[in-house]
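Working notes for the structure below.
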Amino acid sequence: MGRAAAGVVHRLTERRETLATVESLTGGLLAATIVEIAGASAVYRGGLVVYATELKEWLAGVPAQLLAERGPVDADVAAALAEGGRQRCGANWGLATTGVAGPEPQDGKPVGLVFVAVAGPDGTEVRELHLDGGRDQIRGASVTEALRLLTEHAQLSEGVTAAAGGGGRGGYAAE
Numbered sequence: 016m017g018r019a020a021a022g023v024v025h026r027l028t029e030r031r032e033t034l035a036t037v038e039s040l041t042g043g044l045l046a047a048t049i050v051e052i053a054g055a056s057a058v059y060r061g062g063l064v065v066y067a068t069e070l071k072e073w074l075a076g077v078p079a080q081l082l083a084e085r086g087p088v089d090a091d092v093a094a095a096l097a098e099g100g101r102q103r104c105g106a107n108w109g110l111a112t113t114g115v116a117g118p119e120p121q122d123g124k125p126v127g128l129v130f131v132a133v134a135g136p137d138g139t140e141v142r143e144l145h146l147d148g149g150r151d152q153i154r155g156a157s158v159t160e161a162l163r164l165l166t167e168h169a170q171l172s173e174g175v176t177a178a179a180g181g182g183g184r185g186g187y188a189a190e
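Counting in the working numbering, the sequence shown runs from 16 upward without gaps.
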């Protein structure tokens, strides 16, 4: 996790961009992993831990109807969490996690089903994960995968900006 976080902090520092997090199943582990890296204060704006479903709406801005229809463990909820954190914290990038760490399934969703999402200048992407192991392994793998997703999009965004002459939009779309 630390290596992935160091890469994110380094890349965003170089680009003078900022990051916010919104976490459900990781319960602050993503934020803690980021702030363990020296220099994180240059890029990390802050984050929300929205473990309770209603806090996803109240604090992160996830539409109540979406939560009522699909529950908290959903790709569109993950996307809304990432964008909500990005907007509420005034960051270039929003990174979110939601899923089931166990030990029991939740609302018919199996243990190990996780959604990580990144929202950035050019759009939002959600990645669905099916992870094995206990709570600690699922939470740790979720953090690593969220950081990898951000790294991929920061690189893609960099390429899009360069190809567009520095100010263009484009690149990737929500899945």
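All C-beta atoms in this analysis are idealised placements derived from N, C-alpha and C, irrespective of residue type, glycine included.
Because the structure is a prediction, the values reported are computed rather than measured.
Roughly how many angstroms separate the alpha carbons of residue i and residue j, rounded to a whole number?
i, j, result
"Leu-171", "Gln-80", "32 Å"
"Ala-21", "Ile-49", "7 Å"
"Arg-150", "Ala-156", "10 Å"
"Thr-28", "Ala-57", "6 Å"
"Leu-34", "Glu-69", "23 Å"
"Gly-186", "Thr-166", "Summary for Gly-186: the model assigns pLDDT 31, below 50, so the residue's position carries little reliability, and this model does not support an answer."
"Thr-176", "Ala-111", "Its pLDDT being 44, under 50, Thr-176 is placed unreliably in this model, and the value from its coordinates should be taken loosely. Whole-angstrom Cα-Cα distance: 24 Å."
"Tyr-59", "Thr-36", "9 Å"
"Ile-153", "Met-16", "12 Å"
"Val-131", "Leu-164", "8 Å"
"Gly-127", "Ile-52", "27 Å"
"Arg-85", "Glu-98", "18 Å"
"Gln-102", "Val-65", "16 Å"
"Ser-39", "Arg-30", "28 Å"
"Asp-91", "Arg-26", "27 Å"
"Val-77", "Glu-119", "25 Å"
Would you list the residues sitting across from residue i in a DSSP beta bridge?
i, result
"Gln-121", "Lys-124"
"Val-133", "Leu-110 and Glu-140"
"His-145", "Leu-128"
"Ala-35", "Gly-61 and Gly-109"
Could you tell me how far apart the beta carbons of residue i and residue j are, in whole angstroms, since I believe they sit closer than 8 Å?
i, j, result
"Ala-93", "Val-141", "5 Å"
"Val-115", "Val-88", "6 Å"
"Leu-162", "Ala-19", "4 Å"
Alpha carbons only, please: which of the options is nearest the one belonging to residue i?
i, options, result
"Asp-147", "Val-129, Leu-44, Leu-96 and Gly-109", "Val-129"
"Leu-44", "Thr-166, Glu-167, Glu-160 and Ala-169", "Glu-160"
"Glu-72", "Asp-122, Leu-96 and Leu-40", "Leu-96"
"Gly-62", "Val-77, Arg-85, Ala-116 and Gly-42", "Gly-42"
"Thr-113", "Arg-60, Arg-26, Arg-31 and Lys-124", "Lys-124"
"Gly-135", "Asp-122, Glu-143, Gly-109 and Gln-121", "Gly-109"
"Gly-105", "Ala-75, Asp-122 and Arg-85", "Ala-75"
"Gly-138", "Gly-127, Gly-54, Thr-36 and Ala-169", "Ala-169"
"Ala-67", "Leu-82, Ala-53 and Ala-55", "Leu-82"
"Asn-107", "Glu-84, Val-126 and Val-133", "Val-133"
"Ala-55", "Gln-102, Glu-32 and Val-65", "Glu-32"
"Ala-46", "Arg-26, Gly-100, Pro-118 and Gly-117", "Gly-100"
Please confirm if residue i has its CB atom under 9 Å from at least one CB of chain C.
i, result
"Gln-170", "No chain C is part of this structure, which consists of one protein chain only."
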